[in-house]
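Accompanying notes for the structure given below.
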Amino acid sequence: MSGRIDQLLNGFADGDAISHEAVILRQHLKASGYESEIFAPRSHVSPSLRESCRDISEYRGSDGDTAIHHYSTRSPALDAFLATPSRRILRYHNITPDHYFRGFDDRLSEDLRDARARLIDAARNSDAVWSVSAFNAGELEQAGIENIRVFPLLFDPAGLERPSLKEVLDRFTVKLTTFLTVGRIVPNKRLEILIEAFYWYNYFVNPYSRLVIVGSERSCPRYFTMLNMMVADFDLPNVCFEGFASPEGLSTYYRIADAYVTTSEHEGYCLPLVEAMHMNVPVIAHRIGGIPEALGDAGAQYNGLDPNELASLMDWVTDDDAVRRDLLESQDRRMQMIRTRAIATELADLINW
Amino acid sequence: MGYSLAPAHEIRYISSGIMNEPDSKPGASIRIAGIDRTREWRDRYRTNVEDRRVRGRDRILPPVLNARSLREQENESAYLRELVRLIHFKRHVGTHAYRIPHRPGMVGKVMLAAREVLWKILRYQHDRMASRQNVINSHVIDLLSYEHEERVREIEQLRAELKAIREGKGPAS
Numbered sequence: 000m001s002g003r004i005d006q007l008l009n010g011f012a013d014g015d016a017i018s019h020e021a022v023i024l025r026q027h028l029k030a031s032g033y034e035s036e037i038f039a040p041r042s043h044v045s046p047s048l049r050e051s052c053r054d055i056s057e058y059r060g061s062d063g064d065t066a067i068h069h070y071s072t073r074s075p076a077l078d079a080f081l082a083t084p085s086r087r088i089l090r091y092h093n094i095t096p097d098h099y100f101r102g103f104d105d106r107l108s109e110d111l112r113d114a115r116a117r118l119i120d121a122a123r124n125s126d127a128v129w130s131v132s133a134f135n136a137g138e139l140e141q142a143g144i145e146n147i148r149v150f151p152l153l154f155d156p157a158g159l160e161r162p163s164l165k166e167v168l169d170r171f172t173v174k175l176t177t178f179l180t181v182g183r184i185v186p187n188k189r190l191e192i193l194i195e196a197f198y199w200y201n202y203f204v205n206p207y208s209r210l211v212i213v214g215s216e217r218s219c220p221r222y223f224t225m226l227n228m229m230v231a232d233f234d235l236p237n238v239c240f241e242g243f244a245s246p247e248g249l250s251t252y253y254r255i256a257d258a259y260v261t262t263s264e265h266e267g268y269c270l271p272l273v274e275a276m277h278m279n280v281p282v283i284a285h286r287i288g289g290i291p292e293a294l295g296d297a298g299a300q301y302n303g304l305d306p307n308e309l310a311s312l313m314d315w316v317t318d319d320d321a322v323r324r325d326l327l328e329s330q331d332r333r334m335q336m337i338r339t340r341a342i343a344t345e346l347a348d349l350i351n352w
Numbered sequence: 000m001g002y003s004l005a006p007a008h009e010i011r012y013i014s015s016g017i018m019n020e021p022d023s024k025p026g027a028s029i030r031i032a033g034i035d036r037t038r039e040w041r042d043r044y045r046t047n048v049e050d051r052r053v054r055g056r057d058r059i060l061p062p063v064l065n066a067r068s069l070r071e072q073e074n075e076s077a078y079l080r081e082l083v084r085l086i087h088f089k090r091h092v093g094t095h096a097y098r099i100p101h102r103p104g105m106v107g108k109v110m111l112a113a114r115e116v117l118w119k120i121l122r123y124q125h126d127r128m129a130s131r132q133n134v135i136n137s138h139v140i141d142l143l144s145y146e147h148e149e150r151v152r153e154i155e156q157l158r159a160e161l162k163a164i165r166e167g168k169g170p171a172s
């Protein structure tokens with residue numbers, strides 16, 4: 000195969016799931032014989048990644064080439080995508096419904112509403128749509144979009160294989176039952192439910208426990224304020240907001256965790272679940288959106304539990320060896336499927352479709 | 000959003016801390032490794048869950064004081080008003096109800112007794128520090144409130160002037 004397949008992103012940053020996937024996809028495209036580069040607005044590129052991509056203003060698509068746009072809120076990348084004479088492929092990772100941000104960040108809420116409104120036009124003006132999950136594809140199908148293919152989010156474990164970070168290990172020297180969640184601190188993650196579940200667990204099941212929340216709090220500071228206030232209300236001593244983590248830091252958090260928990264209410268796929276499974280951490284997840292597709296039959300998946308009941312599930316998973324063994328075996332099976340994906344074949348099929 | 004105490008039909012939800020959401024919904028389910036084990040989980044944990052619901056009730060703040068009310072706000076202005084309102088209830092550092100965790104068994108009980116004695120001895124100093132901190136907290140929160148009120152007053156005045164200009168009456172004096 001030959002030709003150009005470029006990727007157009009709204010931003011290119013360390014620790015960002017979309018950027019992470021764009022890098023993996025570029026590797027696979029190059030391995031398949033294509034020329035491939037990543038383009039993003041320079042103002043939205045992490046300094047450490049400036050050499051790994053080009054500014055979106057330099058993008059020159061031509062007839063016969065292909066452009067993949069990772070869709071998000073409106074940006075110069077979307078404008079360049081819609082204007083290119085190249086074949087257009089829209090990569091849909093999901094847009095969080097705007098109501099989650101209302102009151103916390105009104106401007107972002109408007110941007111998200113705008114992004115959802117523009118999504119249908121962008122999809123209609125694309126030659127194909129690659130969705131990260133069937134859940135996402137369903138959202139588009141409901142709006143009448145037909146040319147959708149499901150191409151699950153790509154995962155590269157290399158970042159997680161790095162050695163543990165001493166600075167992180169030093170902070171967690173006392174052996175406590177550790178629950179971990181990873182992701183930006185934003186309202187759709189429903190971390191208030193997790194904090195309350197941890198209150199029931201810590202106060203009534205096991206005081207020798209901690210909740211570690213890893214992820215940037217800068218995405219929605221007012222929501223972070225609410226969570227901090229809740230922690231104080233419950234007088235919870237062991238809730239650790241760790242902020243953004245480097246790949247080394249992230250792998251360390253997974254290594255110290257006894258269980259990974261997500262109470263998120265809206266996810267297009269949820270890559271941290273795959274990371275947790277890769278790191279052999281039992282997963283407890285709210286069975287919504289694209290999460291069942293990321294997990295398959297693996298892990299503990301729940302619906303309709305209040306925080307007190309979720310605390311008992313956290314107890315069950317960390318305390319019952321047989322349950323833990325079943326979980327880890329199911330996660331091994333799931334990871335085997337993810338690791339052995341024939342990505343080159345999938346890509347060839349998608350590109351030639 | 001009003002701040003009166005929750006109506007009777009919501010009271011049972013307060014005990015779980017979830018406002019306006021039922022406790023476990025009828026469709027509650029748990030799948031472990033792809034197998035539905037909801038019934039086993041219920042049989043094993045139902046008593047614990049109910050027991051905790053009673054014992055932990057007092058620590059769950061009613062909606063009028065609960066930080067989760069910040070989630071219910073329609074826009075950032077309403078959020079700020081609610082935050083300023085809530086923070087007045089949360090200004091004090093209390094030292095009377097600290098829980099001292101302890102391990103089970105005789106060693107745990109001895110350690111607990113020792114820590115309780117230590118806590119009582121140190122209480123004199125703790126309370127002085129907490130008292131000073133509370134005074135500072137009060138000053139900061141009062142300052143924030145006055146500042147907030149001043150901004151609200153300014154905005155109202157500017158709106159009135161804008162309205163007068165639009166109606167051709169010139170700036171309000």
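Residue numbers (numbering that gives the first Met the number 0), protein chains in the order written: chain L, 0 to 352; chain Z, 0 to 172. Every residue, glycine too, gets a C-beta built ideally from N, C-alpha and C. In this text the structure is predicted, and so the values were computed from the model without any measurement.
Using 8 Å as the limit for Cβ to Cβ distance, is residue i near chain Z?
i, result
"Ala-299 of chain L", "yes"
"Arg-101 of chain L", "yes"
"Tyr-259 of chain L", "no"
"Trp-129 of chain L", "no"
"Pro-206 of chain L", "yes"
"Arg-221 of chain L", "yes"
"Phe-197 of chain L", "no"
"Phe-273 of chain L", "Here the sequence assigns Val to residue 273 of chain L, which means Phe is not the residue at that position. It does not: the Cβ of Val-273 of chain L has no partner Cβ on chain Z nearer than 8 Å."
"Met-225 of chain L", "yes"
"Asn-307 of chain L", "yes"
"Asn-302 of chain L", "yes"
"Ile-337 of chain L", "no"
"Val-322 of chain L", "yes"
"Asp-110 of chain L", "no"
Classify residue i: buried if its beta carbon has 16 or more other beta carbons within 10 angstroms, exposed otherwise.
i, result
"Tyr-268 of chain L", "buried"
"Gly-336 of chain L", "The sequence as given places Met at residue 336 of chain L; Gly does not occur at that position. Exposed: under 16 other Cβ atoms inside 10 Å."
"Lys-119 of chain Z", "exposed"
"Arg-150 of chain Z", "exposed"
"Leu-294 of chain L", "buried"
"Gln-156 of chain Z", "exposed"
"Ile-164 of chain Z", "exposed"
"Asn-307 of chain L", "buried"
"Pro-61 of chain Z", "exposed"
"Asn-135 of chain L", "buried"
"Lys-174 of chain L", "exposed"
Skipping 5 residues on each side, what residues in its chain have a beta carbon closer than 6 Å to that of residue i?
i, result
"Arg-90 of chain L", "Ile-67, His-69, Trp-129"
"Ser-250 of chain L", "Leu-159, Arg-161"
"Asp-348 of chain L", "none"
"Leu-64 of chain Z", "Phe-88"
"Arg-54 of chain Z", "none"
"Gln-124 of chain Z", "none"
Is residue i close to chain L, meaning its C-beta is less than 8 Å from at least one C-beta of that chain?
i, result
"Val-48 of chain Z", "yes"
"Gln-132 of chain Z", "no"
"Ala-113 of chain Z", "no"
"Gln-72 of chain Z", "yes"
"Trp-118 of chain Z", "no"
"Lys-89 of chain Z", "yes"
"Gly-33 of chain Z", "yes"
"Ala-159 of chain Z", "no"
"Gly-107 of chain Z", "no"
"Ile-29 of chain Z", "yes"
"Ala-129 of chain Z", "no"
"Arg-56 of chain Z", "no"
Apart from the five residues just before and just after residue i, which ones in its own chain have a Cβ nearer than 7 Å to its Cβ?
i, result
"Gly-248 of chain L", "Leu-164, Val-167"
"Ile-140 of chain Z", "Ile-86, His-87, Arg-90"
"Ser-108 of chain L", "Asp-97, Phe-100, Arg-101"
"Val-83 of chain Z", "Leu-143, Ser-144, His-147"
Report, in whole angstroms, the separation of the C-beta atoms of residue i and residue j, which I expect to be a contact under 8 Å.
i, j, result
"Phe-237 of chain L", "Arg-254 of chain L", "Note that residue 237 of chain L is Asn in the sequence shown, not Phe. About 18 Å separates the two Cβ atoms, so there is no contact after all."
"Met-228 of chain L", "Arg-70 of chain Z", "Not quite, the Cβ-Cβ distance comes to about 11 Å (not below 8 Å), so this is no contact."
"Ala-32 of chain Z", "Asp-314 of chain L", "Rounded, the Cβ-Cβ distance is 18 Å, inconsistent with contact."
"Ser-61 of chain L", "Ser-35 of chain L", "Going by Cβ atoms, the distance from Ser-61 of chain L to Ser-35 of chain L rounds to 15 Å, so no, they are not a contact pair."
"Ile-29 of chain Z", "Tyr-301 of chain L", "5 Å"
"Ala-142 of chain L", "Ile-119 of chain L", "5 Å"
Just to confirm my understanding: we take residue i, look at its own chain, exclude 5 residues before and 5 after, and list those with CB closer than 8 Å. What are they?
i, result
"Asp-113 of chain L", "Thr-72, Arg-73"
"Ala-12 of chain L", "Ser-18, His-43, Val-44, Ser-45, Leu-48"
"Ile-99 of chain Z", "Leu-111, Arg-114, Glu-115, Trp-118"
"Val-280 of chain L", "Leu-179, Tyr-253, Ala-256, Asp-257, Ala-258, Tyr-259"
"Glu-345 of chain L", "Phe-150"
Sequence ranges, alpha helix (DSSP H) only - wholly within the region 119–174 of chain L, length at least 4: 133–141, 165–170
Uninterrupted alpha helix (DSSP H) stretches inside the region 252–297 of chain L (no shorter than 4 residues): 270–277, 290–294
Runs of beta strand (DSSP E) wholly within the region 181–267 of chain L (minimum 3 residues, chain order): 208–213, 238–242, 258–261
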